[in-house]
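The next block holds one structure in the form of structure tokens; read it before the comments.
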Amino acid sequence: MSSPGEAGDDAEIITASLRQPERFAAVFDRHAPHIHRYLARRLGGQAADDLMGETFLIAFGGRGRYDPAFPSARPWLYGIATNLVGQRRREEAREYRLRAALGPPADQDSHADRVAERVTAQAMNDQLAGALAGLARRDRDVLLLIAWEGLAYEEVAAALEIPVGTVRSRLNRARRKVRAELGHAPAEEVSNHG
Amino acid sequence: MDEMQLLRDFAGPAGLPARDDLARKRAELLAATASARPRHRRALWGGVTAAGLAAAVAAVVVLTPAEDVVRPGPLSPGPEPEPVRILHAAAAKARALPDVTPRPDQFVYSRTRLADGRENETWASVDGTHDGLAFLYGHEAEVAGCRNGKSVQKESHGRTVTNRCVPHPAAPADLPTDADAMLAYLHKSTYGEGDTLRDLGNEVVTLAGGYLRPAARAALYEAVAKVPGLVARTDAKDATGRPVLGITWNSTTEYGIGNQDEFLFDPVTFAYLGNGTTGTVVSQGIVDSVRQRP
Numbered sequence: 001m002s003s004p005g006e007a008g009d010d011a012e013i014i015t016a017s018l019r020q021p022e023r024f025a026a027v028f029d030r031h032a033p034h035i036h037r038y039l040a041r042r043l044g045g046q047a048a049d050d051l052m053g054e055t056f057l058i059a060f061g062g063r064g065r066y067d068p069a070f071p072s073a074r075p076w077l078y079g080i081a082t083n084l085v086g087q088r089r090r091e092e093a094r095e096y097r098l099r100a101a102l103g104p105p106a107d108q109d110s111h112a113d114r115v116a117e118r119v120t121a122q123a124m125n126d127q128l129a130g131a132l133a134g135l136a137r138r139d140r141d142v143l144l145l146i147a148w149e150g151l152a153y154e155e156v157a158a159a160l161e162i163p164v165g166t167v168r169s170r171l172n173r174a175r176r177k178v179r180a181e182l183g184h185a186p187a188e189e190v191s192n193h194g
Numbered sequence: 195m196d197e198m199q200l201l202r203d204f205a206g207p208a209g210l211p212a213r214d215d216l217a218r219k220r221a222e223l224l225a226a227t228a229s230a231r232p233r234h235r236r237a238l239w240g241g242v243t244a245a246g247l248a249a250a251v252a253a254v255v256v257l258t259p260a261e262d263v264v265r266p267g268p269l270s271p272g273p274e275p276e277p278v279r280i281l282h283a284a285a286a287k288a289r290a291l292p293d294v295t296p297r298p299d300q301f302v303y304s305r306t307r308l309a310d311g312r313e314n315e316t317w318a319s320v321d322g323t324h325d326g327l328a329f330l331y332g333h334e335a336e337v338a339g340c341r342n343g344k345s346v347q348k349e350s351h352g353r354t355v356t357n358r359c360v361p362h363p364a365a366p367a368d369l370p371t372d373a374d375a376m377l378a379y380l381h382k383s384t385y386g387e388g389d390t391l392r393d394l395g396n397e398v399v400t401l402a403g404g405y406l407r408p409a410a411r412a413a414l415y416e417a418v419a420k421v422p423g424l425v426a427r428t429d430a431k432d433a434t435g436r437p438v439l440g441i442t443w444n445s446t447t448e449y450g451i452g453n454q455d456e457f458l459f460d461p462v463t464f465a466y467l468g469n470g471t472t473g474t475v476v477s478q479g480i481v482d483s484v485r486q487r488p
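Residue numbers (our numbering), protein chains in the order written: chain A, 1 to 194; chain B, 195 to 488.
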């Protein structure tokens, strides 16, 4: 590993960036799209631009503390982004309400016989929006990092700096609460009418 | 009912943003790497420091001392450890530097040279409220000033992004002029990010990299001299490979990555040259507007 190039893992690049700060741009290139999408999913596009920049600037400033035992920086970055989301609970709740109100992403074919499906989905989304907003922040973070970003338990643990066991218990609690909310959804009545 | 699947369907955007959409933020990140100052919930890097002096001085002031004006002096022999002697020599030289105070609406200009010969330029608002400018790696980037707690960064297509901020004056007002008070100031001004040597080093680099009034700059070097565990490297090199004197503190981070805070001084003039991770400051001045050069 005499001269780690852009082919090196994140830990190598971050270490190199201690002496050559501009090398850190490679970390951005590798992970910014995912971080941006994650932030947009939680807060909407406008805030995502803002916070994505903030995430990488914070990461850059803290790069001296990055643990080189982790070859991928993505969990670390998710952790920083998640902390920033945590400061914007009202915006997050509003984003989910908006998404529920606008309906699921317009799918190409909307035949009449799918109308019932879409009505069901919309009612369900209202419930989901409420359920998500009602979760404790820490439970919501774990739930969405797993459901939306596909992180493994160990990655969530690294991102949020909590033990894996805590990841599991928060996930279970979050899922129970979401299920309970959806269980009371009027959507069930709609589907009964076929 | 699979609530996880329902959640996934509710996620919103599935596509990843394109490279072009992220280019602006990438440029901002590069701008920050160029000044290599950490950012912890602060407003966008304000970078350079300047002071605000009294009377109508010349509108444009050159600050980098001319070679023939500053005469080199040897390190005074003495029982003090070498890093302390270097810092005290640098403080003595600092007191001979120009003492000016720019107007709040002026800008501190800096040009730094990187290892490959490229140069970056920045114009930083003296009082932090005026919009500055930077040419970094060939990109032009505006540095939004902070007014009434808000900064408005211009984006493409006429879009703007508003951020909450506190002004980053190109110089904090009323910096201490004695070493003990300066040391106390450094400990306090880490924005609550912590009191480790690393945080202190960041503060020193932030201040030292810009314009300071001579008494404050001298106090800064003398404050650093009081920090235990200093190490001097006489075989250090700056970004262009020139031999310089390096002062560092003897600390490593939690993860053993090692210390990146090194303060470089010219071995002859004891001028401060930067911190080893940025380019070497080759020119500095006070100017009336962005794009103007001293």
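Quick reminder that beta carbons are idealized off the backbone N, C-alpha and C, glycines included.
Note down, in chain order, each residue of its chain lying with its Cβ closer than 7 angstroms to the Cβ of residue i, except the 5 sequence neighbours on either side.
i, result
"S293 of chain B", "According to the sequence displayed, residue 293 of chain B carries Asp and not Ser. The residues are R407 and P408."
"A40 of chain A", "A48"
"P461 of chain B", "P437, V438 and L439"
"P163 of chain A", "A157"
Excluding five sequence neighbours on each side, which residues of the same chain lie with their C-beta closer than 6 angstroms to the C-beta of residue i?
i, result
"A225 of chain B", "A328, L330 and A335"
"R65 of chain A", "none"
"P259 of chain B", "Residue placement at P259 of chain B is flagged as unreliable, the pLDDT there being 46, under the threshold of 50; the coordinate-derived value follows with that caveat. None."
"P363 of chain B", "D321 and G322"
"R173 of chain A", "D139"
"R411 of chain B", "A288"
"T371 of chain B", "A409, A410 and A413"
How is the beta strand (DSSP E) around residue i delimited, first residue to last?
i, result
"K431 of chain B", "L424 to K431"
"F204 of chain B", "Here F204 of chain B belongs to no beta strand (DSSP E), and DSSP marks it neither H nor E."
"Q20 of chain A", "Taken as a continuous stretch (DSSP letters only), Q20 of chain A belongs to no beta strand (DSSP E), as it is neither H nor E."
"A285 of chain B", "Careful: A285 of chain B lies outside any beta strand (DSSP E), inside the alpha helix (DSSP H) at E276 to R289."
"V337 of chain B", "H333 to V337"
"A318 of chain B", "E313 to S319"
"Y466 of chain B", "Y466 to G468"
"A413 of chain B", "Taken as a continuous stretch (DSSP letters only), A413 of chain B belongs to no beta strand (DSSP E), being part of the alpha helix (DSSP H) at P408 to A419."
Leaving aside the five residues before and after residue i along the sequence, list all residues of the same chain whose C-beta is less than 8 angstroms from its C-beta, in chain order.
i, result
"K177 of chain A", "A131, G134, L135 and D139"
"E91 of chain A", "L43, G44 and A47"
"A373 of chain B", "A413, E416, A417, A419 and K420"
"V475 of chain B", "T258, S304, R305, T306, G403, Y466, L467 and G468"
"G86 of chain A", "R137 and D141"
Name the two residues that bound the continuous alpha helix (DSSP H) containing residue i.
i, result
"T306 of chain B", "Premise fails: T306 of chain B lies in the beta strand (DSSP E), F301 to R307, not in any alpha helix (DSSP H)."
"Y78 of chain A", "R74 to G86"
"V355 of chain B", "No alpha helix (DSSP H) holds V355 of chain B; the beta strand (DSSP E) holding it covers T354 to R358."
"N172 of chain A", "V164 to G183"
"G61 of chain A", "G45 to G61"
"L377 of chain B", "A373 to K382"
"V484 of chain B", "Segment: none, V484 of chain B is in no alpha helix (DSSP H) and carries neither H nor E."
"L160 of chain A", "Y153 to L160"
Between the C-alpha atoms of residue i and residue j, what's the straight-line distance to the nearest angstrom?
i, j, result
"H333 of chain B", "A221 of chain B", "7 angstroms"
"I146 of chain A", "R218 of chain B", "29 angstroms"
"E95 of chain A", "P21 of chain A", "35 angstroms"
"E161 of chain A", "A205 of chain B", "24 angstroms"
"P211 of chain B", "L51 of chain A", "14 angstroms"
"V481 of chain B", "R30 of chain A", "39 angstroms"
"L394 of chain B", "L377 of chain B", "9 angstroms"
"A288 of chain B", "L77 of chain A", "41 angstroms"
"H324 of chain B", "T463 of chain B", "33 angstroms"
"S483 of chain B", "D214 of chain B", "31 angstroms"
"V398 of chain B", "K382 of chain B", "12 angstroms"
"D10 of chain A", "N314 of chain B", "27 angstroms"
"P33 of chain A", "G479 of chain B", "39 angstroms"
"L171 of chain A", "R353 of chain B", "39 angstroms"
"T15 of chain A", "M124 of chain A", "47 angstroms"
"Q199 of chain B", "G53 of chain A", "30 angstroms"
"L102 of chain A", "E12 of chain A", "44 angstroms"
"Y405 of chain B", "P422 of chain B", "26 angstroms"
"S345 of chain B", "I35 of chain A", "24 angstroms"
"S477 of chain B", "T316 of chain B", "11 angstroms"
Of the residues the options, which one's Cα is nearest the Cα of residue i?
i, options, result
"V142 of chain A", "A:A100, A:R97, A:R94 and A:P75", "A:P75"
"A208 of chain B", "A:G165, A:A159 and A:W148", "A:W148"
"L223 of chain B", "A:V164, A:R170 and A:F56", "A:F56"
"A283 of chain B", "B:A419, B:R427 and B:R485", "B:A419"
"A430 of chain B", "B:T442, B:P422, B:V421 and B:L424", "B:T442"
"V337 of chain B", "B:K344, B:V346, B:G326 and B:L401", "B:G326"
"L291 of chain B", "B:T474, B:V476, B:A465 and B:R485", "B:A465"
"Y38 of chain A", "A:L144, A:T166 and A:R170", "A:L144"
"Q127 of chain A", "A:G150, A:R137 and A:R99", "A:R99"
"T486 of chain B", "B:R305, B:K382 and B:Y415", "The sequence shown places Gln at residue 486 of chain B, not Thr. That would be B:R305, whose Cα lies nearest to the Cα of Q486 of chain B."
"S319 of chain B", "B:F301, B:R358 and B:L424", "B:F301"
Determine contact between the stretch 118 to 126 of chain A and the stretch 147 to 163 of chain A, defined as no fewer than three beta-carbon pairs at a distance below 8 angstroms. Counting C-beta pairs closer than 8 angstroms gives fewer than three between the stretch 118 to 126 of chain A and the stretch 147 to 163 of chain A, which falls short of the contact rule.
Flag this pair as touching only if the stretch 62 to 69 of chain A and the stretch 167 to 181 of chain A have three or more C-beta atom pairs under 8 angstroms; answer yes or no. Verdict: no, contact absent.
Evaluate contact between the stretch 79 to 88 of chain A and the stretch 21 to 32 of chain A, counting only Cβ atoms and requiring at least three cross-stretch pairs below 8 angstroms. Remark: fewer than three beta-carbon pairs, one from each stretch, lie closer than 8 angstroms, so the stretch 79 to 88 of chain A and the stretch 21 to 32 of chain A are not flagged as touching.
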